[in-house]
Amino acid sequence: MTPETCPECGTELAPNAKACPECGSCEETGWSEEATRARLGLPAEEFDYEEYLKEEFAPEKTRRLPWYWWVGILILIGTLLVGLI
Numbered sequence: 002m003t004p005e006t007c008p009e010c011g012t013e014l015a016p017n018a019k020a021c022p023e024c025g026s027c028e029e030t031g032w033s034e035e036a037t038r039a040r041l042g043l044p045a046e047e048f049d050y051e052e053y054l055k056e057e058f059a060p061e062k063t064r065r066l067p068w069y070w071w072v073g074i075l076i077l078i079g080t081l082l083v084g085l086i
């Protein structure tokens with residue numbers, strides 16, 4: 002079905018237009034449901050909402066500093082304290 006205006010460029014279209022006279026968009030390139038979905042950034046049909054919820058709202062893992070960071074911090078503090086004395 003031909004839309005009233007071209008979804009790509011906004012030009013008004015004739016009721017039985019096969020393609021847009023301005024940008025050349027047609028059913029295959031811009032009027033189809035798949036092209037509209039791709040342009041809007043909608044998820045694909047096989048989108049798994051349950052998996053999305055698990056990934057999006059999973060409890061955050063706390064990050065720990067590796068042991069060598071703690072050793073480096075202690076050495077830095079020790080060096081600063083010795084420099085103050």
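With our numbering, the residue at position 28 of the sequence shown is 29, and numbering never jumps.
C-beta: ideal position from N, C-alpha, C; glycine also.
It should be emphasised that the depicted structure is a prediction, and the values quoted were computed from it without experimental measurement.
Check	Outcome
Under a Cβ-count criterion, where at least 16 other Cβ atoms within 10 Å of its own Cβ denotes burial, should CYS7 be classed as buried or exposed?	buried
Please classify LEU14: is it buried, with 16 or more other beta-carbons within 10 angstroms of its beta-carbon, or exposed?	buried
Since ILE86 is in the alpha helix (DSSP H), which residue starts that stretch and which ends it?	Taken as a continuous stretch (DSSP letters only), ILE86 belongs to no alpha helix (DSSP H), as it is neither H nor E.
Could you compute how far the alpha carbon of GLU23 sits from the alpha carbon of THR12?	7 Å
Can you tell me where the alpha helix (DSSP H) with GLU52 in it begins and where it stops?	50-57
Report buried or exposed for CYS21, applying the criterion of at least 16 other Cβ atoms within 10 angstroms of its Cβ.	buried
Would you check if the distance between the CB atom of SER26 and the CB atom of GLU5 is smaller than 8 Å?	no
Give the straight-line distance between the Cα atoms of VAL72 and GLU51, rounded to the nearest whole angstrom.	43 Å
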